[in-house]
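Structure record follows, encoded as structure tokens.
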Amino acid sequence: MPSPIRMTGAQMLWESLIREGVEVVFGYPGGSIMPVYDALLDYPQVRHVLTRHEQGAAHAADAYARVQREQRKVGVAMATSGPGATNLVTGIATAMMDSSPVVFITGQVSADYLGSDAFQETDVTGVTLPITKHNFLVTRAESIPQVVRAAFHIARTGRPGPVLIDLCKNAQNDEGEFRWPAEVRLPGYRPPERADPVALAEATRLLTQARRPVILAGQGVLMSGAMPELQALAEKADIPVAMTLLGLGALPLTHPLALGMMGMHGEYFVNMAIQHADLLIALGMRFDDRVTGKLEAYAPQARKIHVEVDPAEINKNVPVDVPLLGDLKAVLQQWLPQVPAAQRAAWRAQIAAWRQDTAARDVVERTRRNGRGALRGAEVIQRLWETTAGRDVIITTGVGQHQMWAAQYYRFPQPYRFVTSGGLGTMGFGLPAGVGAAVAYPDKEVWVIEGDGGFQMTQAELATVMQEGLNVKIVLVNNNYLGMVRQWQELFYDRRYAAVQLHNPDFVQLAAAYGIPARRVTARREVDDALAFARAHSGPVLLEFRVAAEDNVFPMVTTSDPLHAMIRRPTEEPHLERADWPGAAP
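Numbering-wise, the sequence shown is residues 0 to 585 according to numbering that gives the first Met the number 0.
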């Protein structure tokens, strides 16, 4: 047997990351992580992407993992101690809320200085305890291989999530014997795999009795790779499929049984189907408030089956009749042979009638009919979809009105192609997420959809885009407001607009400062030419679309209202029939 190799802790870290299949690390160096960065030069097979802010590194690593979930990739983000580590916190919380497998590695002061308020010391394991699946404080070099092996196993298995490794500087510098563990031993960590057969039989009984079932597909479908099983269940039992924001792509939106997004800004007909259902089959989703509206009035006629890998989510928000604990893909494979084939034409016809009523109020269809008024954000997304349909495109977004228009109007045909911040609602997520997606798939089209508010939170990552030579196209939906906050102020605060109007830079000149071609669009007749201009360039392009300043996202359900009490788009919107921006001719 060969004798163990001696190396520094920093070298052990890179050796361990390579054994876990890591090819890319997003990060920002500093004093307490310096030994690790010095050792990086000896491992050229690992690509390091230098972001312009640690939060950007966190979001990029998150998106990198999400778009490659099918390959079970884990994202890696790295930062120094103190402010470097705390700048990761928003990205860690984003990954936690959205179940993203990311390993965060932070430098820490030497073990002898812990608790002494040394320069750039922060108790980052304490800070991140509530927003990580697990975290480690490493004080000895010899512990690094075992910790890395465990961290990646925890991050990618069960319900995925972020894991943090805080490396004391002495552990990076000290030498020791590198011993790679043959297996991961975590006796207290046993994610459930297969469902209880008795519970499966009860689920089958409820499905057999149901006349108006609806499947609620969450991100768990994507996380477990259960898209074929979902489609098989829906087609065999003839069940319409509603999706959460993060579940979009679980079933192609072009599929006849795909309803689209549910919840606060979901379509009218989708929410009506849920409220009139007699059975809900929830797959890998957590019944959060953006999905349910007022809990007491949520799906009042429906029995509920919940398939979930995380026991903590069962009965947390919505009591269920049958919990099926286990890996979603494995559970559906267990269940499918028992599922009775059915035809539910009457139920589908009722949903189709609700859908027709929705179409009559659609802003894009109305604009196509009359062609009047200022350019709308929904139109921009619709044209982007129509322009890129049939191509393998990844869409990343920030958070706000533009995010909801993307979810409503871009008809995602594939899984792992929509990357957005769901649970935490992190503004500024879109651009660094686009960096991560483009690094993962340099040959795919990556489109970043951002608002003028969120874009300015992380716009420095334009430099990362250029430095890394990434082919990222940016659709900047500019309404000169913090749009979603303004919408709430309009609807619920008597149009008392407080701290929401933005004094924006010239985004075209800003892009030019980074060497990025850009165009400004103020009229709908210019939209197609701008999209063609962006697609004709092999590198990054920024398109600024100046849209109606006071346009709103509809439908809308407040968290205090039942899901069916939607505020729907008015049939007439005279204040948007004029051009809100100078030069924005219809």
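Ideal Cβ placement from N, Cα and C applies to all residues, glycine included.
**Prompt:** Per DSSP, what kind of secondary structure is Leu16 in: helix, strand or coil?
**Reply:** helix
**Request:** Look up Thr105 in the DSSP assignment and give the residues it is bridged to.
**Result:** Ala78, Asp165
**Asked** Using the C-alpha atoms, what's the distance from Thr79 back to Val35?
**Response** 10 angstroms
**Asked** For the candidate residues Ala170, Val447, Lys472, Val445, whose alpha-carbon lies nearest to that of Ile515?
**Response** Lys472
**Asked** Which residues mark the beginning and the end of the beta strand (DSSP E) in which Trp446 is found?
**Response** 444-450
**Prompt:** Who are the near neighbours of His563 in its chain, counting only those whose CB is closer than 7 angstroms to its CB and skipping five residues on each side?
**Reply:** Asn270, Met271, Gln274
**Prompt:** What residue range is occupied by the uninterrupted beta strand (DSSP E) comprising Asn478?
**Reply:** No beta strand (DSSP E) contains Asn478, which DSSP labels as neither H nor E.
**Message:** Please return the same chain residues whose Cβ sits closer than 6 angstroms to the Cβ of Met6, not counting the five positions on each side in sequence.
**Reply:** Phe177
**Message:** Run through the DSSP bridge pairs and tell me what Ala241 is partnered with.
**Reply:** Leu215, Gly259
**Local Cβ density within 10 Å of Asn551, reported as buried at 16 or more and exposed below that** = buried
**Message:** At the level of alpha carbons, what is the spacing between Leu245 and Asp528?
**Reply:** 31 angstroms
**alpha helix (DSSP H) segments (min. 4 residues) lying fully within the stretch 85-146** = 88-96, 123-127
**Asked** Measuring CA to CA, which of Met95, Phe135, Phe268 is closest to Val146?
**Response** Phe135
**Asked** From Gly265, Met33, Ala276, pick the residue whose C-alpha is nearest to that of Gln349; which is it?
**Response** Ala276
**Item:** Anticipated Cβ contact below 8 angstroms, Trp334 with Ala202, distance rounded
**Value:** 7 angstroms
**Request:** Pick out whichever of Gln400, Trp446, Glu19, Ala351 has its Cα sitting closest to the Cα of Glu182.
**Result:** Glu19
**Request:** Could you round the C-beta distance between Trp586 and Tyr267 to whole angstroms and report it? I think they count as a contact, below 8 angstroms.
**Result:** Lying before the first or after the last residue shown, residue 586 is absent from the chain, which here runs from 0 to 585.
**Request:** Indicate whether Arg193 and Val330 have their beta-carbon atoms separated by less than 9 angstroms.
**Result:** yes
**Item:** Selection from Ala62, Gln67, Ala60, Gln10 that minimises the alpha carbon distance to Leu39
**Value:** Gln10
**Request:** Return the first residue and the last residue of the beta strand (DSSP E) that Pro310 is part of.
**Result:** Taken as a continuous stretch (DSSP letters only), Pro310 belongs to no beta strand (DSSP E), as it is neither H nor E.
**Message:** By the three-class DSSP mapping on this structure, what secondary structure does His401 have?
**Reply:** helix
**Message:** Output needed for Met403: all residues of its chain with C-beta closer than 6 angstroms, excluding positions within five of it in sequence on either side, in chain order.
**Reply:** His264, Val552
**Within 9 angstroms, strictly: CB atoms of Tyr496 and Gln488** = yes
**Message:** Can you give me the C-alpha to C-alpha distance between Met0 and Trp179, rounded to a whole angstrom?
**Reply:** Its pLDDT being 47, under 50, Met0 is placed unreliably in this model, and the value from its coordinates should be taken loosely. C-alpha separation (whole angstroms): 14 angstroms.
**Prompt:** Do Pro251 and Phe411 have their C-beta atoms within less than 9 angstroms of each other?
**Reply:** yes
**Asked** Hey, how far is the Cα of Thr373 from the Cα of Asn479?
**Response** Sequence check: residue 373 is Ala here, not Thr. Approximately 14 angstroms, taken between the alpha carbons.
**Request:** Would you mind giving the Cβ-Cβ distance between Arg432 and Asp61, rounded to the nearest angstrom? I have them listed as a contact below 8 angstroms.
**Result:** Sequence inspection shows Ala at residue 432; the Arg mentioned does not correspond to that position. Contact holds; Cβ gap of about 7 angstroms.
**Request:** Drop a sphere of 10 angstroms on the beta-carbon of Lys328, count the other beta-carbons inside from all chains shown, and report buried for 16 or more, exposed for fewer.
**Result:** buried
**Proximity test, Cβ basis, 9 angstroms: Phe506 and chain D** = The chain labelled as chain D is not found in the depicted structure, where only one protein chain is given.
**Prompt:** Across which residues does DSSP place Arg5 in a beta bridge pair?
**Reply:** Glu176
**Prompt:** Which partner residues of Pro322 appear in the DSSP bridge assignment?
**Reply:** His305
**Prompt:** Taking Cβ to Cβ, would you say Thr105 is nearer than 9 angstroms to Ala92?
**Reply:** no
**Prompt:** Which term fits Ser115, buried or exposed, when burial requires 16 or more other beta carbons within 10 angstroms of its beta carbon?
**Reply:** exposed
**Item:** Contacts around Ser537, its chain only, beta-carbon distance under 8 angstroms, and the 5 residues preceding and following it disregarded
**Value:** Asn470
**Message:** Can you give me the C-alpha to C-alpha distance between Leu461 and Ala301, rounded to a whole angstrom?
**Reply:** 48 angstroms
**Asked** Which residues mark the beginning and the end of the alpha helix (DSSP H) in which Leu541 is found?
**Response** It is not in any alpha helix (DSSP H) - Leu541 instead sits in the beta strand (DSSP E) that spans 540-545.
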